[in-house]
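Okay, so here's the structure we're looking at.
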Amino acid sequence: MEQSNKQKTVKLLCMALLIGASLLILYHCPFFYVLGIRCPGCGMTRALLSLLHLDFKAAFYYHPLFPAVLLTALYIVAEHFGVLRLSDPAKKKLIAVLCSLFLITYVIRLAIDSPVVRPDWEHSLLFRILNATAARF
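Quick note on this note's numbering: the sequence shown kicks off at 152 and runs consecutively.
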């Protein structure tokens with residue numbers, strides 16, 4: 152039996168809430184954990200949490216591209232409900248622009264030594280493995 156649109160929507164919202172709650176509670180950045188290097192999206196969760204508290208200054212501090220993520224999420228919802236649909240070439244161009252913006256922002260944040268993306272080599276898994284290996288020799 153096929154699900155109605157209402158059932159699909161409720162299911163989609165429940166999945167989104169479950170995933171969102173899981174990320175907030177359980178998620179740790181694999182880049183940072185393994186390499187000690189923060190990823191280009193680092194600070195996004197803190198930015199969105201700051202936005203929920205209406206602290207726009209902190210939201211932009213943690214990640215200046217949080218509005219782009221919100222707009223992307225809104226587009227996905229609008230596309231799901233058939234309100235807005237971009238052509239495939241337009242989607243590909245927007246994805247390329249977003250990826251470029253994230254990379255440029257990341258490089259700038261590293262260059263200005265932003266505490267949000269500052270590497271922490273000593274606490275990485277790789278550092279601990281290499282340190283333990285070096286101690287054996």
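Ideal Cβ placement from N, Cα and C applies to all residues, glycine included.
> Taking the alpha carbon of LYS242 as the point to measure from, which residue in TYR226, LEU276, ASP271 and MET166 has its own alpha carbon closest?
Replying inline: Mapped onto the sequence shown, residue 242 falls at position 91. The candidate whose alpha carbon is nearest that of LYS242 is TYR226.
> ASP239 lies in the alpha helix (DSSP H); which residues open and close that run?
Replying inline: Here residue 239 corresponds to residue number 88 of the sequence shown, with the count starting at 1. Unbroken alpha helix (DSSP H) run through ASP239: 239 to 262.
> Can you list, in chain order, the residues of its chain whose CB lies under 7 Å from that of MET152, leaving out five sequence neighbours each side?
Replying inline: One-based indexing of the sequence shown puts residue 152 at position 1. Interpretation of MET152 is limited by its pLDDT of 48, a score under 50 that renders its predicted location unreliable; no figure is taken from the coordinates.
>> Could you tell me the alpha carbon to alpha carbon distance between LEU113 and PHE217, rounded to whole angstroms?
In response: Here the chain has residues from 152 to 288 only, and residue 113 is not among them.
> Who are the Cβ neighbours of LEU252 in its own chain at under 8 Å, not counting the five residues just before and after it?
Replying inline: For the purposes of this step, residue 252 is taken as the residue at position 101 of the sequence shown. Same-chain partners within the cutoff: LEU216 and ALA219.
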